[in-house]
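In my numbering, the protein residues as written are 1092 to 1325. The beta-carbon is built from N, C-alpha and C at its ideal position, and this holds for glycine as well. Note that the coordinates shown come from a computational prediction; the quantities given were computed from them, not determined experimentally.
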Ligand SMILES: *Cc1c(COP(=O)(O)O)cnc(C)c1O
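Put into structure tokens, the structure is as follows:
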């Protein structure tokens, strides 16, 4: 049976089948690759429909959007994962709402998040976002600063460091994209050798998740392939 790509359920099934196929193609166990649906720009009604299909965690890149959806969908008890560039002045709102931040990329943000989380008596999982692409538009910590940054993060008890995240270069050249992912995989191994617990690798989006899985991703962040094309005009 082919999936009906006109429905959310059909696109979700197709994305899962694509992840499974990418795993099998590289001899990996599909249970080692999680799917993070990215619901940014889609309304609470769409997220509610996705929740009805069993999805519990949603990636978002704007704090205001999480606030609006979390308020509307509070009874569902969903987990909100921040994947977008975060301004330090948003730390309080993030500490109040997010279950996880994958875009931790600098010390002043860690300081602000930890302080806000301590005030709430909470701790959250975080991933360190590495900048692997040369595009100016992409944010993230320079990979050569990873070990010192991880060392500094040890002081923040409300931030449970679990792994690394990256956004690969937007390129038609698969070798360029794969090299970005491979770089993060290698950084993870170096960090592990240095004694840091950074098992998770959040790498891969709708257009490049098969390459990310081939390079060791443990979590793919998929938006448009599941929810459809985004309309940024609000
Ligand atoms: C929007 C976004 C995604 C999902 O992108 P798609 O190409 O729609 O799958 C993944 N990661 C981050 C950080 C994003 O901002």
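Taking 7 Å as the cut-off, does the CB of residue i come closer than this to any heavy atom belonging to ligand 1?
i, result
"residue 1129", "yes"
"residue 1303", "no"
"residue 1180", "no"
"residue 1212", "no"
"residue 1110", "no"
"residue 1254", "no"
"residue 1296", "yes"
"residue 1312", "yes"
"residue 1326", "Nothing in the structure corresponds to residue 1326, since the chain is present only between 1092 and 1325."
"residue 1315", "yes"
"residue 1152", "yes"
"residue 1175", "yes"
"residue 1258", "yes"
To the nearest angstrom, how far is it from the Cα of residue i to the Cα of residue j?
i, j, result
"residue 1322", "residue 1287", "39 Å"
"residue 1241", "residue 1284", "13 Å"
"residue 1204", "residue 1097", "40 Å"
"residue 1179", "residue 1201", "9 Å"
"residue 1303", "residue 1109", "12 Å"
"residue 1125", "residue 1308", "9 Å"
"residue 1137", "residue 1173", "18 Å"
"residue 1190", "residue 1214", "9 Å"
"residue 1253", "residue 1129", "19 Å"
"residue 1289", "residue 1239", "14 Å"
"residue 1229", "residue 1118", "31 Å"
"residue 1140", "residue 1105", "17 Å"
"residue 1171", "residue 1150", "6 Å"
"residue 1099", "residue 1176", "27 Å"
"residue 1131", "residue 1280", "31 Å"
"residue 1235", "residue 1277", "12 Å"
"residue 1306", "residue 1107", "18 Å"
In chain order, what residues of the same chain have a beta carbon less than 8 Å from the beta carbon of residue i, not counting five sequence neighbours either side?
i, result
"residue 1158", "1184, 1188"
"residue 1102", "1094, 1096, 1316, 1317, 1318, 1319"
"residue 1135", "1159, 1160, 1163, 1164"
"residue 1282", "1237, 1238, 1241, 1255, 1289"
For residue i, tell me which candidate among the options has the shortest Cα-Cα distance.
i, options, result
"residue 1168", "1148, 1156, 1312", "1148"
"residue 1245", "1198, 1126, 1228", "1198"
"residue 1216", "1239, 1251, 1277, 1280", "1251"
"residue 1268", "1290, 1144, 1299, 1171", "1299"
"residue 1164", "1142, 1175, 1153, 1150", "1142"
"residue 1152", "1181, 1146, 1139", "1181"
"residue 1227", "1259, 1155, 1128, 1266", "1259"
"residue 1206", "1176, 1248, 1145, 1166", "1248"
"residue 1145", "1127, 1155, 1156", "1127"
Under 7 Å Cβ to Cβ from residue i, same chain only, skipping five residues before and after it: list those, please.
i, result
"residue 1297", "1313, 1314, 1315, 1316"
"residue 1233", "1222"
"residue 1114", "1120, 1121, 1124, 1304"
"residue 1275", "1221, 1223, 1255, 1257, 1292, 1294"
"residue 1271", "1223, 1224, 1257, 1259, 1260"
"residue 1112", "none"
"residue 1262", "1268"
"residue 1265", "1302"
"residue 1243", "1198"
"residue 1166", "none"
"residue 1156", "1131"
Going by beta carbon distance, what residues of the same chain come within less than 6 Å of residue i, once the five residues before and after it are set aside?
i, result
"residue 1220", "1194, 1196, 1231, 1256"
"residue 1212", "none"
"residue 1133", "1318"
"residue 1192", "1173, 1217"
"residue 1186", "1207, 1208, 1211"
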